[in-house]
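The structure appears below as structure tokens.
Chains as they are written, first to last, in the working numbering: chain A, 1342 to 1491; chain B, 84 to 736.
As structure tokens, then:
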């Protein structure tokens, strides 16, 4: 209850917010560190591509306080994340989860890398074989003839 | 009157661009020399006409001609002169005109420097370039005319976005555009080569300087943008993975790959089709970047035009040029046979690895950038892809790139022996020792610091070892070092620059110290080894803004270092507040102070950051650009020497 009151009080001041403010910082440095790293992974809903940790918007401040309030309650990092996502949707996650079609996003780079690597090995093998079996091209033969005869 | 003339000259330029497309391309196909000869003239005329229009728009901004809509929306009489000029390209219409100006500028340069090119190749290059100019001129004239008048001119304008009123950002767009659009000429070279059906070493030698120039401009542009974000946005970040940043980063990555593969074409007559594809992709990503920024599809701080009509037009340009080029490539790429054979361990292979890693990291950035759009369209899932994703997905490829770079650049062409790497072993051991030592010293922090530091040292030491190896045996090492071609110096410089940037990124990411507190006037705070004292806060008035400026004294171990003046500005015309940080820059660290609002219980919120190695990031970027510049001035790219080397048979074609 006390916490909720504190949150309410701080919300009134939210109009003059500027990223993380002195009043928000938790006294326990370990908890505060966790709060910061969680905040950096959450999107400010009304901003363009800013995390709540760096945003000046009022709603970002609300979320920062919410994160801290949950941490003080004793939630683990994932519990806090789940709590926020359950209320605001996966849109708040700056690092999308790897569920469903998001797997494509996560695996795009590594998959392409492996494919390209396999392709390169195949090409290299073939060109080596070619180089061994094939002689010179017709043009090159002609050029040699020309050089020899001149 | 001047504005109408300028508008008219843009129309004429469009006409020349259309003719400049059809006549030389038809001439090259039909082998009509007289038609092909017209290409340079058409290109030069386009440049003159567009330059006139751009000059007229600049005059309108400088003289605050509020009968023009763009001037009303983006300028103000009280604005300092620098920003009146920067206002020309600080908006959608003007920046597109700048884009077209640079397109025609590059075409004109190609026309002037390209006299020694085979006639049909030059005609095709200029023809393709004119077609791009025509498309963008049509875009300007039909959807984004900068010379639109307003019926009732107001007494004053609405000003420029205060965030953009900054020297760092004033010159950021022109550099970026020089880079983006510079890639158009390599694109034109690639298409021309596909039309000609021939790619040879001479083609590689021609394409590389243009790519280099574009890459240098992109490097400077991106560096300026990052530096601006660092000191202006108020929390000292240097890269945000914002869609608009990604839009400039993707062409940078691809053009860096292209730079390297063009060397293989030039020196070893291999990787031709791949190089052509990279040239197409590089400009393709420039167009994608333009689409992302201009359409507002992925909204972000920098997008100025949220207009679907414009978005569709750019999408059409993108589809025609990118799609058409890829189709042409698919049809013609088989004709590019590569002759140079090479072993699995050779410089060619290392450069292929470089290309692979750069292209894939670009692909990762691309997928991450468009993913929110794809997920929403296909799956109806609204989600965000932000820095935490990119840091995880992108960084491993860069780490791999940095690991192989010194190895690849010491390997010889064609086939390498183990002995070539013998000198690198001690360096590798030394770097691993550095990693271990820093890791041991910083207990319980992320691995980014030690790994980045190790990679930075690895790159710089690798460069030194390579230079040492190039000097050979015996006496006369110094004179041999000094007589190395400029391209080798450029390579060494650029690679060292990358090492320095990595060093800086690692430092600022891993070892930043942050402090947030309320300070009353007269209060002192101990932060790391520094003492920060809030001496005074006062309200002042700037030329076009109001400001609350703090006077903060910075000291270390009781010794005075500097006075910092962080500000909170308010721009009444735009009704927008901005933050100006107070920064004490140093070689080893920046002290970065931001002052916040007055607190209800008295005092001010003061945020202090100690940012280790911050300046190394941009210094590294400058060094990379310098390296590019050195390479650009290498003897083999000088106009005369290309002519001298040219195959006499080509000249008769």
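Beta carbons are placed, not taken as given, at the ideal position from N, Cα and C, and that holds for glycine.
Interface partners of residue i on chain B, CB under 8 Å
i               : result
residue 1392(A) : 469 and 470
residue 1412(A) : Chain B residues near residue 1412(A): none, gap ~17 Å exceeds 8 Å.
Helix, strand or coil at residue i [DSSP, three-state]
i               : result
residue 642(B)  : strand
residue 388(B)  : Unreliable positioning characterises residue 388(B) in this predicted model, as indicated by a pLDDT of 45, which lies under 50. The coordinate reading is nonetheless provided below. Three-state DSSP puts residue 388(B) in coil, outside helix and strand.
residue 551(B)  : helix
residue 1410(A) : helix
residue 119(B)  : helix
residue 367(B)  : helix
residue 601(B)  : strand
residue 1382(A) : coil
residue 107(B)  : helix
residue 575(B)  : helix
residue 383(B)  : A caution first: residue 383(B) carries a pLDDT of 45, below 50, which makes its placement in the model unreliable, though a value can still be read off. Correct three-state label for residue 383(B): coil.
residue 151(B)  : strand
residue 466(B)  : coil
residue 609(B)  : strand
Residue-chain proximity (residue i, chain A), Cβ-Cβ < 8 Å
i              : result
residue 350(B) : no
residue 727(B) : Residue placement at residue 727(B) cannot be trusted, given a pLDDT of 41 that sits under 50; what the coordinates show is reported in the next sentence. Answer no: the Cβ-Cβ gap between residue 727(B) and chain A never drops below 8 Å.
residue 744(B) : Outside the shown range of chain B (84 to 736) lies residue 744(B), about which nothing can therefore be said.
residue 198(B) : no
residue 183(B) : no
residue 718(B) : no
residue 310(B) : no
residue 465(B) : yes
residue 737(B) : Residue 737(B) lies beyond the range of chain B shown here (84 to 736); nothing can be said about it.
residue 280(B) : no
residue 586(B) : no
residue 450(B) : yes
residue 29(B)  : Residue 29(B) is absent from the structure shown; chain B starts at 84 and stops at 736.
residue 325(B) : yes
residue 638(B) : no
residue 446(B) : yes
residue 100(B) : no
First through last residue of the beta strand (DSSP E) which encompasses residue i
i              : result
residue 679(B) : 672-681
residue 500(B) : Premise fails: residue 500(B) is in no beta strand (DSSP E) and is neither H nor E.
residue 695(B) : 687-695
residue 616(B) : 613-624
residue 234(B) : Where residue 234(B) is concerned, there is no enclosing beta strand (DSSP E), given that its DSSP letter is neither H nor E.
residue 660(B) : 659-663
Proximity test, Cβ basis, 8 Å: residue i and chain B
i               : result
residue 1363(A) : yes
residue 1384(A) : yes
residue 1376(A) : no
residue 1430(A) : yes
residue 1442(A) : yes
residue 1486(A) : no
residue 1398(A) : no
residue 1401(A) : no
residue 1437(A) : yes
residue 1360(A) : yes
residue 1434(A) : yes
residue 1470(A) : no
residue 1395(A) : yes
Within chain B, partners of residue i - CB distance below 9 Å
i               : result
residue 1366(A) : 599 and 600
Where residue i meets chain A, residues with beta-carbon distance less than 9 Å
i              : result
residue 345(B) : Correct list: empty, because the minimum Cβ distance to chain A is about 19 Å.
residue 560(B) : By Cβ distance, chain A contributes nothing, its closest Cβ being about 37 Å from residue 560(B), past 9 Å.
residue 480(B) : 1450 and 1454
Under 7 Å from the C-beta of residue i: neighbouring residues of chain B
i               : result
residue 1465(A) : 427
Enclosing alpha helix (DSSP H) for residue i [first to last residue]
i               : result
residue 1423(A) : 1418-1429
residue 207(B)  : 202-226
residue 323(B)  : Careful: residue 323(B) lies outside any alpha helix (DSSP H) and carries neither H nor E.
residue 432(B)  : 430-457
residue 271(B)  : 255-279
residue 654(B)  : Taken as a continuous stretch (DSSP letters only), residue 654(B) belongs to no alpha helix (DSSP H), being part of the beta strand (DSSP E) at 650-654.
Contact list for residue i against chain A, beta-carbon separation under 7 Å
i              : result
residue 693(B) : Result: empty, since nearest Cβ-Cβ is about 16 Å, beyond 7 Å.
residue 376(B) : Chain A residues near residue 376(B): none, gap ~13 Å exceeds 7 Å.
residue 454(B) : 1446
residue 435(B) : 1461
Chain A contact residues for residue i, given Cβ-Cβ distances below 8 Å
i              : result
residue 462(B) : 1441 and 1442
> Using a beta-carbon distance cut-off of less than 9 Å, what residues from the region 1442-1457 of chain A approach chain B?
Replying inline: Along the region 1442-1457 of chain A, going in chain order, the ones with a CB nearer than 9 Å to a CB of chain B are 1442, 1443, 1445, 1446, 1447, 1449, 1450, 1451, 1453, 1454 and 1457.
> the region 296-321 of chain B: which residues have C-beta closer than 9 Å to a C-beta of chain A, in chain order?
Replying inline: 316, 317, 318 and 320
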